[in-house]
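J.: Just so we're aligned: the sequence shown equals residues 1 to 214 in UniProt numbering.
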Amino acid sequence: MTLRGIEDQKVIAEMGGVTEGAASQWLNGGTKTLKASTLARLSKRLRVNQEWLRTGVPPIESDAASSSEFDDFSMLPRLAVKAAGSAGRGTLVFVEEERGGRLAFRRDFLRGEGVKESEAAIIYVTGDSMQPTIPDGAVVLVDKSMRELRDNKIYAILVNGELKIKRLRRGIGGGIVIVSDNPDKTNHPDITVPPDKENFLQICGRVFWMGTRL
Numbered sequence: 001m002t003l004r005g006i007e008d009q010k011v012i013a014e015m016g017g018v019t020e021g022a023a024s025q026w027l028n029g030g031t032k033t034l035k036a037s038t039l040a041r042l043s044k045r046l047r048v049n050q051e052w053l054r055t056g057v058p059p060i061e062s063d064a065a066s067s068s069e070f071d072d073f074s075m076l077p078r079l080a081v082k083a084a085g086s087a088g089r090g091t092l093v094f095v096e097e098e099r100g101g102r103l104a105f106r107r108d109f110l111r112g113e114g115v116k117e118s119e120a121a122i123i124y125v126t127g128d129s130m131q132p133t134i135p136d137g138a139v140v141l142v143d144k145s146m147r148e149l150r151d152n153k154i155y156a157i158l159v160n161g162e163l164k165i166k167r168l169r170r171g172i173g174g175g176i177v178i179v180s181d182n183p184d185k186t187n188h189p190d191i192t193v194p195p196d197k198e199n200f201l202q203i204c205g206r207v208f209w210m211g212t213r214l
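1) Using the rule of at least 16 other Cβ atoms within 10 Å of the residue's Cβ for burial, across every protein chain shown, is I172 buried or exposed?
2) Apply the 10 Å Cβ neighbour rule to I191 and answer buried if 16 or more other Cβ atoms are within range, or exposed otherwise.
3) Within 10 angstroms of its Cβ, does R78 collect 16 or more other Cβ (buried), or is it exposed?
4) Are the beta-carbon atoms of C204 and I157 separated by less than 8 Å?
5) For F105 and V159, I'd like the C-alpha separation in whole angstroms.
6) For K166, count neighbouring Cβ atoms within 10 angstroms of its own Cβ and tell me buried if that reaches 16, exposed if not.
7) Under 8 Å between the Cβ atoms of I176 and L149?
8) Check each candidate in R169, R213 and G137 and name the one with the smallest Cα separation from V193.
9) So, helix, strand or coil for P135, using DSSP?
10) Considering only the beta carbon of each residue, do N182 and D128 sit closer than 8 Å?
11) Could you spell out the range, first to last residue, of the alpha helix (DSSP H) harbouring R111?
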């Protein structure tokens, strides 16, 4: 079963508050029944009828109300990076992960943030270098159109081909300082990129929202 274009069992598990194993059983047809609390959570998050979730049979719409509700949401892709052979040696570009899943965000929220849907994407954060601002396992929204450095903002960047979420600051006398918010500077030191090496740092977009599980 595919829900609103979502096939990733991890995403379904998070939405329903169940384990990935339980989500997999349900998506593959191994489980035919769901707890009322799980049905309620999924129905609310996915904006679909509980009967559809329970039986797999979509409701017959008598008007455009249901579709218009779904039209209020944009399914944003999860992104990774890969080498782009046609774009020149050493060039890396964003690509949508085949099994990364998508998350729904309200279109009016994106408009309120001044972000175009086509420029918005999600990235799952791993590691504790940005704690306490962004914890391990958090989801961040990135505006890919915002690639010019604004001092002390958080960005998705590529450093030596590795995608990172970091705070960027202008260095005294020039250059860029890559800042980890974690106060443990022994394990998470800040890195200064001199002006003549800035081309080795690629800004992929600015982080404008963060969400995490409690």
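Here a beta-carbon is modelled for each residue, glycine too, at the ideal position from N, C-alpha and C.
T.: Walking through what the data contain:
1) exposed
2) exposed
3) buried
4) yes
5) 29 Å
6) buried
7) yes
8) R169
9) coil
10) In contact: N182 and D128 (Cβ atoms closer than 8 Å).
11) R107 to G112
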